[in-house]
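**Q** Heads up, the sequence shown is in this note's numbering, so the first residue is 60 and it goes up one at a time. Glycine included, each C-beta is placed from N, C-alpha and C at the ideal position. Please see the structure below; I have some questions.
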Amino acid sequence: MFIGHFAVGFAGKKVAPEAPLPALLLAALFADVLWPLLVAVGAEQVRIAPGDTVLTPLEFVSYPWSHSLLMLIIWGALFAAYYRNRPDGKRIGLVLGALVVSHWVLDWITHRPDMPLYPGGPKYGLGLWNNVTATMVVEIAMFAVGVFLYATTTRAKDAIGRWAFWALVILLLGAFIADSLDPSVPPSVQMIWISALILSGVTLLWAAWIERHRTVN
Ligand SMILES: [Zn+2]
């Protein structure tokens with residue numbers, strides 16, 4: 060999934076308004092932030108295989124540390140532990156932990172059966188990515204709900220708070236639609252992990268910028 064992960068991150072603000080937006084998005088995207096780093100050092104493998112699913116030319120050969128259910132539960136528990144001693148930390152930690160684990164559920168819906176239960180364990184996936192229209196309907200609907208919840212839970216303190224937020228929304232939506240309809244194949248595995256790191260780095264910094272210019276209602 061792509062903007063569906065952002066959707067649940069934005070929606071998290073409704074449940075834990077004290078949680079900063081970059082932390083909510085980092086939790087929801089955590090598997091995809093870890094993944095390019097592990098691919099870069101060779102701990103996880105991806106292959107360029109056009110047609111692996113209709114939507115993506117990537118074959119996720121092995122990603123037990125970033126994308127198995129067991130490891131995401133462990134990463135989620137670490138998020139929860141990190142926030143435990145802060146004011147409202149229990150609730151923030153619980154929501155962030157749930158967001159980390161939500162990644163597995165959302166990728167399980169979209170990927171073909173390549174999502175491991177635990178490293179070396181059986182793999183599952185419903186393969187929504189084999190239907191481009193259904194993928195777009197599901198992800199855009201989720202994104203609309205997430206954006207609505209965030210936009211109504213917070214308000215802009217200034218013009219930046221308004222425009223930076225809506226610009227990010229439009230950028231993500233545009234990137235998702237272009238990516239879903241674009242049949243081109245990435246030139247190399249190196250290009251895949253570099254662009255994945257840039258995308259998550261830019262969006263997380265952008266979210267930190269939005270956070271400073273918006274406040275909870
Ligand atoms: Zn993922």
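Should residue 166 be listed as close to ligand 1, given that the test is whether its C-beta is under 7 Å from any heavy atom?
**A** Correct: residue 166 has its Cβ closer than 7 Å to ligand 1.
**Q** When you compare each of 97, 110, 252, 149 to residue 124 by their alpha carbons, which one comes out closest?
**A** Of the candidates 97, 110, 252, 149, the one whose C-alpha sits nearest the C-alpha of residue 124 is 97.
**Q** Less than 7 Å between C-beta atoms, sequence neighbours within five positions excluded: which residues of the same chain meet that for residue 179?
**A** Answer for residue 179: 123, listed in chain order.
**Q** May I ask you to report which of helix, strand or coil DSSP gives residue 245?
**A** Looking at residue 245 - three-state DSSP - the assignment turns out to be coil, as it is neither helix nor strand.
**Q** Smallest Cα separation from residue 129: which of 174, 148, 252, 212?
**A** Residue 129 has its Cα closest to that of 174, out of 174, 148, 252, 212.
**Q** Please find out if some non-hydrogen atom of ligand 1 comes closer than 7 Å to the beta-carbon of residue 91.
**A** Yes, the beta carbon of residue 91 sits closer than 7 Å to at least one heavy atom of ligand 1.
**Q** Taking DSSP's pairing of strands, which residues face residue 118 in a bridge?
**A** Bridge partners of residue 118: 106.
**Q** Look up residue 72 in the DSSP assignment and say whether it is helix, strand or coil.
**A** It is helical.
**Q** If we ignore side chains and look at the alpha-carbon of each, how far apart do residue 115 and residue 261 end up?
**A** Going from the Cα of residue 115 to the Cα of residue 261 covers about 22 Å.
**Q** Using DSSP bridges, identify the partner residues of residue 174.
**A** For residue 174, which the question treats as bridged, DSSP gives the partners 183.
**Q** Please name the residue, chosen from 154, 120, 147, 144, that lies closest to residue 82 on a Cα-to-Cα basis.
**A** Answer by Cα proximity: 154.
**Q** What residues in its chain sit with their C-beta under 7 Å from that of residue 131, if we drop five residues either side in the sequence?
**A** So the list reads 90, 159, 160, 162, 163, once near-sequence residues are dropped.
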